[in-house]
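So, in structure tokens, the structure goes:
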């Protein structure tokens, strides 16, 4: 998770919302890492989790990431949680909750919806204060501009 | 929508689940089109809608598609509906409903969730039978293999 926070800091230094994500195999190897890139790439869907999933699929040459865990510094949104289900990722670990747009416990819990064909084991709250502080500082500075 | 069905047929001929999507400006210009590419590209998130959004953002050089409409031959899933909200697309027109994974009326309606910062105007049912038949035929043939 500390690595996710490093990625989030990189994002902030580039003017992106500070969110970092990485995907790790069951052997502990980091397969992919990413931070938000919406502003730099001008792509609405360029969230850390989705980019990390795409990079992991490309690296492994398969779309099923059923032996992987995803770490992310903020609770995934609807889009990213949906992408996690589609990639069959079994373990998701996130830091801070997102009461406005979070889809893993805040507004809904997509990763534990029995109507879908995949559910995840979720751990949350690790380094949540550090992650929240990064986000708060980022938006505070941005509002002043 | 007929163009979406053509794209869906192309997808089926390539072994992809037959779903096609396109994005059109308010002036009626087609900005991007796409079909599913999960099997060919080996990327879990390679759904028609998300690819069409990414292509439209790249073409227009901006992440806000607030002057665009998205047409798709199947009800968007959680991921794609989330992506539509993030891209601020105001109009979504889809053909067939997806009772198993649809997130625009079937399992949930993400495009009309007042807790999010964007809602869409949705029209559904146009060419739904043609789209359903394409999907049914595709899965019937695949099950026989």
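Protein chains in written order, with full-length UniProt numbering: chain A, 1 to 145; chain B, 1 to 145. Don't be surprised by glycine CBs; every beta carbon is placed ideally from N, CA and C. What you are looking at is a predicted structure, and each value in this text was computed from that prediction instead of being measured.
Taking the CB atoms as reference points, tell me whether residue i and residue j lie closer together than 8 Å.
| i | j | result |
| --- | --- | --- |
| residue 43(B) | residue 41(A) | no |
| residue 111(A) | residue 85(A) | yes |
| residue 71(B) | residue 93(B) | yes |
| residue 97(B) | residue 5(B) | no |
| residue 25(A) | residue 79(A) | no |
| residue 88(B) | residue 118(B) | yes |
Alpha carbon to alpha carbon, how far is residue i from residue j?
| i | j | result |
| --- | --- | --- |
| residue 29(A) | residue 8(A) | 20 Å |
| residue 115(B) | residue 101(A) | 8 Å |
| residue 137(B) | residue 59(B) | 34 Å |
| residue 90(B) | residue 81(B) | 12 Å |
| residue 34(B) | residue 19(B) | 9 Å |
| residue 222(A) | residue 95(A) | A question about residue 222(A) goes unanswered here, because the residues of chain A that appear run from 1 up to 145. |
| residue 127(B) | residue 83(A) | 27 Å |
| residue 145(B) | residue 27(B) | 44 Å |
| residue 67(B) | residue 56(B) | 11 Å |
| residue 124(B) | residue 69(A) | 36 Å |
| residue 61(B) | residue 23(B) | 14 Å |
| residue 104(B) | residue 12(B) | 23 Å |
| residue 113(A) | residue 99(B) | 14 Å |
| residue 21(B) | residue 47(A) | 21 Å |
| residue 203(A) | residue 17(A) | Limits of chain A in this structure are 1 at one end and 145 at the other, which puts residue 203(A) out of reach. |
| residue 107(A) | residue 109(B) | 13 Å |
| residue 77(A) | residue 73(B) | 24 Å |
| residue 133(A) | residue 36(A) | 17 Å |
| residue 14(A) | residue 49(A) | 18 Å |
| residue 75(A) | residue 63(A) | 22 Å |
| residue 10(A) | residue 10(B) | 41 Å |
Going by other Cβ atoms of all chains shown within 10 Å of its Cβ, with 16 needed for buried, is residue i buried or exposed?
| i | result |
| --- | --- |
| residue 139(A) | exposed |
| residue 31(B) | buried |
| residue 121(B) | exposed |
| residue 38(B) | buried |
| residue 2(A) | exposed |
| residue 141(B) | exposed |
May I ask you to list the residues that DSSP assigns as paired with residue i?
| i | result |
| --- | --- |
| residue 33(B) | 22(B) |
| residue 104(B) | 109(B) |
| residue 57(B) | In DSSP, residue 57(B) forms no bridge with anything. |
| residue 121(B) | 91(B) |
| residue 72(A) | 21(A), 94(A) |
For residue i and chain B, any beta-carbon pair shorter than 8 Å?
| i | result |
| --- | --- |
| residue 94(A) | no |
| residue 139(A) | no |
| residue 101(A) | yes |
| residue 54(A) | yes |
| residue 77(A) | yes |
| residue 42(A) | yes |
| residue 48(A) | no |
| residue 72(A) | no |
| residue 34(A) | no |
| residue 31(A) | no |
| residue 87(A) | yes |
Between residue i and chain A, is there a C-beta pair that is closer than 8 Å?
| i | result |
| --- | --- |
| residue 59(B) | no |
| residue 16(B) | no |
| residue 81(B) | yes |
| residue 25(B) | no |
| residue 12(B) | no |
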